[in-house]
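**Q** In this note's numbering, the protein residues as written are 59 to 391.
Here a beta-carbon is modelled for each residue, glycine too, at the ideal position from N, C-alpha and C.
Computed from a prediction, not measured in an experiment: that's the story for all the values here.
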Amino acid sequence: MTSAVLVPHSQPSPDEPRVISAPATPGDRIFRGLLRAAGLSVFVIMGLIALFLLLRGSDALRATGWSFFTEQRWRTETHQFGIAAVLPDGLLIAVIALLVSVPVSLTAAVFVSEYAPVRLRGALVSLVDLMAAIPSIVYGLWGFYFLQPRIVGVIRWMALHLGGFLPFLKVRTGDIGTSYTSSTFIAGVIVSLMIIPIVTSLSREVFSQAPQGEREGAYALGSTRWGMVRTVVLPFGRGGMIGAVMLGFGRAMGETIAVALVISPAFKVTGHVLENGANSISALIALRFSESDGLSLSALMAAGLVLFTLTLLVNVLAGLVISRSRSGANTAD
59 MTSAVLVPHS QPSPDEPRVI SAPATPGDRI FRGLLRAAGL SVFVIMGLIA
109 LFLLLRGSDA LRATGWSFFT EQRWRTETHQ FGIAAVLPDG LLIAVIALLV
159 SVPVSLTAAV FVSEYAPVRL RGALVSLVDL MAAIPSIVYG LWGFYFLQPR
209 IVGVIRWMAL HLGGFLPFLK VRTGDIGTSY TSSTFIAGVI VSLMIIPIVT
259 SLSREVFSQA PQGEREGAYA LGSTRWGMVR TVVLPFGRGG MIGAVMLGFG
309 RAMGETIAVA LVISPAFKVT GHVLENGANS ISALIALRFS ESDGLSLSAL
359 MAAGLVLFTL TLLVNVLAGL VISRSRSGAN TAD
């Protein structure tokens, strides 16, 4: 007579993974609570900023209606104001800054993380971080007194030789030296110098996290160093690069002092980036704040709300792109 062996129903099957959990200590619970509070505080602060701008700008929005987004004039004395002229110029400044800074930043990031000698790498990283710490007013003064007089010749050459078949590079005010100064292009170049260290630092950090196993696998298949960078490092860091570029774009749109020092404020949509005269929402707020009365100040707050919303949308889009990439994912070394 054989006896049956009963297997308890609570015993897990060998094919099912076991769930291992450790009891949370009081210190762990406090730490998690602090992290959760810090994360939620970001949303609270952003919401309070948006609410403040909305309440302070509501008077101007009610007084002007949709014309606030179509009006190209900003006249404090007659309360005629709109952002139809300053918003496109601000976007053009940011786009020019990206066109100049992104190739330089990504090249520098690849060199520092993959090609620079070990002894030189630390110095280069410190130098890039030091550039990010320079105040914006220093960049503005340097751009106004040093860069602008020396870049006028390049701008004049571009207008004369490229403006014929690229209308946005055409200067319509004649061959006069002052026609090429204080332009959207110069403001974009100066702002690009301010976002180069941001994009470089973030991209370098992402590149350095590329899986070591995949690097060695590329070398084992006979790849060169550039081949390894092209097939392993750059695809892995694509999301991080996009996030860095978007962060730089938001930084460029919000730059105030450097743009205000360089531009010659103009309230017209021209599309000619080499021509004298430019503007942006942030520079408008800085230049018109002291001379504004109640309703005009409300209009400046409404303009700030538009800039805040646009920057928020750019960052949300960047977050969606990053979430679909491998950057920061758990990968085996």
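Taking a contact to mean a Cβ-Cβ separation below 9 Å, would you say residue 213 touches residue 241 in this structure?
**A** Numbered from its first residue, the sequence shown carries residue 213 at position 155. Numbered from its first residue, the sequence shown carries residue 241 at position 183. Contact: yes.
**Q** In the DSSP assignment, find the unbroken alpha helix (DSSP H) run with residue 258 in it and report its ends.
**A** Locating residue 258 in the sequence shown gives position 200, counting from the first residue. Its alpha helix (DSSP H) spans residues 242 to 265.
**Q** Suppose you measure from the CA of residue 238 to the CA of residue 354; what does that come to, to the nearest Å?
**A** For the purposes of this step, residue 238 is taken as residue 180 along the sequence shown, with counting starting at 1. For the purposes of this step, residue 354 is taken as residue 296 along the sequence shown, with counting starting at 1. The straight-line gap from Cα to Cα measures roughly 31 Å.
**Q** Using 10 angstroms around the beta-carbon of residue 132, count the other beta-carbons present and answer buried if the total reaches 16, otherwise exposed.
**A** Reading the sequence shown from its first residue, position 74 is the one you call residue 132. Burial call: buried.
**Q** By alpha-carbon positions, which one of 367, 352, 135 ends up nearest to residue 117?
**A** To locate residue 117, count along the sequence shown from 1; it is residue 59. When each option's Cα is compared against that of residue 117, the closest is 352.
**Q** Using the Cα positions of residue 122 and residue 130, report the straight-line distance between them to the nearest angstrom.
**A** Within the sequence shown, residue 122 is the residue found at index 64, counting from 1. Within the sequence shown, residue 130 is the residue found at index 72, counting from 1. If I take the Cα positions, the gap works out to 13 Å.
**Q** With residue 197 as the anchor, note down where its alpha helix (DSSP H) starts and where it stops.
**A** The residue you call residue 197 lines up with position 139 of the sequence shown. Its alpha helix (DSSP H) spans residues 194 to 200.
**Q** Do you know offhand how far residue 256's Cα is from residue 74's?
**A** Locating residue 256 in the sequence shown gives position 198, where the first residue counts as 1. Locating residue 74 in the sequence shown gives position 16, where the first residue counts as 1. Each residue's Cα considered, the two are about 46 Å apart.
**Q** Spatial neighbours of residue 306 within its chain, please: CB distance less than 7 Å, with the 5 preceding and 5 following residues excluded, ordered by chain position.
**A** Counting from one through the sequence shown, the residue named residue 306 turns up at place 248. Excluding residues within five positions, the ones whose Cβ falls inside 7 Å are 156, 159, 253, 256, 257.
**Q** How many angstroms separate the CA atom of residue 324 from the CA atom of residue 222?
**A** By 1-based counting over the sequence shown, the position of residue 324 is 266. By 1-based counting over the sequence shown, the position of residue 222 is 164. Going from the Cα of residue 324 to the Cα of residue 222 covers about 24 Å.
**Q** Less than 8 Å between the CB atoms is what I'm expecting for residue 412 and residue 146, so what's the real figure, rounded?
**A** Only positions 59 to 391 of the chain appear in the structure, and residue 412 is not among them; the question remains open.
**Q** According to DSSP, is residue 391 helix, strand or coil?
**A** As a first step, residue 391 is located in the sequence shown; it is residue number 333 there, counting from the start. Only weak support exists for where residue 391 lies, its pLDDT of 42 falling under 50; the coordinates are left without a value.
**Q** Can you name the residues that DSSP bridges to residue 334?
**A** Taking the first residue of the sequence shown as position 1, residue 334 is located at position 276. Per DSSP, 241.
**Q** Quick check on residue 333: buried or exposed, where buried means 16 or more other Cβ atoms within 10 Å of its Cβ?
**A** Mapped onto the sequence shown, residue 333 falls at position 275. When all chains shown are included, residue 333 counts as buried.
**Q** Sort 166, 304, 181, 322 by Cα distance to residue 262 and report the nearest one.
**A** Walking along the sequence shown from the start, residue 262 turns up at place 204. Nearest option by C-alpha distance: 166.
**Q** Is the beta carbon of residue 301 closer than 9 Å to that of residue 39?
**A** Outside the shown range of the chain, which is 59 to 391, sits residue 39, and nothing can be said about it.
**Q** Nearest to residue 183 by CA position, among 291, 170, 150, 381, is which residue?
**A** Taking the first residue of the sequence shown as 1, we reach residue 183 at position 125. Checked all of 291, 170, 150, 381; the closest Cα to residue 183 is 170.
**Q** For residue 154, count neighbouring Cβ atoms within 10 angstroms of its own Cβ and tell me buried if that reaches 16, exposed if not.
**A** Start at 1 with the first residue of the sequence shown, and residue 154 comes out as number 96. Result: buried.
**Q** If you pair each beta-carbon of the segment 359 to 368 with each one of the segment 333 to 347, do three or more pairs fall below 8 Å?
**A** Touching, yes, given that three or more Cβ pairs across the two stretches are closer than 8 Å.
**Q** Look up residue 56 in the DSSP assignment and say whether it is helix, strand or coil.
**A** The structure shown does not extend to residue 56, since the chain is modelled only from 59 through 391, so no value can be given for it.
**Q** State buried or exposed for residue 195, treating a residue as buried only when at least 16 other CB atoms are found within 10 Å of its CB.
**A** By 1-based counting over the sequence shown, the position of residue 195 is 137. Exposed.
**Q** At the level of alpha carbons, what is the spacing between residue 138 and residue 86?
**A** On the sequence shown, position 80 is the one that residue 138 refers to. On the sequence shown, position 28 is the one that residue 86 refers to. The alpha-carbon atoms of residue 138 and residue 86 are separated by roughly 57 Å.
**Q** May I have the straight-line CA-CA distance separating residue 386 from residue 208, to the nearest angstrom?
**A** Counting from one through the sequence shown, the residue named residue 386 turns up at place 328. Counting from one through the sequence shown, the residue named residue 208 turns up at place 150. Confidence at residue 386 is low in this model, with a pLDDT of 47, below 50, so its placement is unreliable and the value that follows should be read with caution. Computed Cα separation, rounded: 42 Å.
**Q** Considering Cα atoms alone, identify which of 284, 175, 228 is closest to residue 215.
**A** By 1-based counting over the sequence shown, the position of residue 215 is 157. Nearest C-alpha to residue 215: 228.
**Q** Is the Cβ-Cβ distance between residue 331 and residue 226 less than 9 Å?
**A** Within the sequence shown, the letter at position 273 stands for residue 331. Within the sequence shown, the letter at position 168 stands for residue 226. Yes.
**Q** Going by DSSP, name the residue or residues bridged to residue 138.
**A** Residue 138 sits at position 80 when you count from the first residue of the sequence shown. According to DSSP, residue 138 bridges with 133.
**Q** Please classify residue 81: does DSSP put it in a helix, a strand, or coil?
**A** Position 23 of the sequence shown, counted from the first residue, corresponds to residue 81. Residue 81 falls in the coil class under three-state DSSP.
**Q** Looking at the unbroken alpha helix (DSSP H) that takes in residue 340, where does it start and where does it end?
**A** Residue 340 sits at position 282 when you count from the first residue of the sequence shown. Element bounds for residue 340: 339 to 346.
**Q** Spatial neighbours of residue 125 within its chain, please: CB distance less than 8 Å, with the 5 preceding and 5 following residues excluded, ordered by chain position.
**A** In the sequence shown, residue 125 corresponds to position 67, counting from 1. Counting only Cβ-Cβ distances below 8 Å, and skipping sequence neighbours, we find 140.
**Q** For residue 372, which residues in the same chain have their Cβ closer than 7 Å to its Cβ, ignoring the five residues on either side in sequence?
**A** Residue mapping note: residue 372 aligns to position 314 of the sequence shown, counting from 1. Hits under 7 Å: 304, 307, 308.
**Q** Report, in whole angstroms, the separation of the C-beta atoms of residue 319 and residue 198, which I expect to be a contact under 8 Å.
**A** Taking the sequence shown and counting its residues from 1, one reaches residue 319 at position 261. Taking the sequence shown and counting its residues from 1, one reaches residue 198 at position 140. Residue 319 to residue 198, Cβ: 4 Å. Contact.
**Q** Would you grab the beta carbon distance between residue 248 and residue 211 for me? Rounded to a whole angstrom, and I think it's under 8 Å.
**A** Reading the sequence shown from its first residue, position 190 is the one you call residue 248. Reading the sequence shown from its first residue, position 153 is the one you call residue 211. Incorrect: roughly 17 Å between the Cβ atoms, too far for contact.
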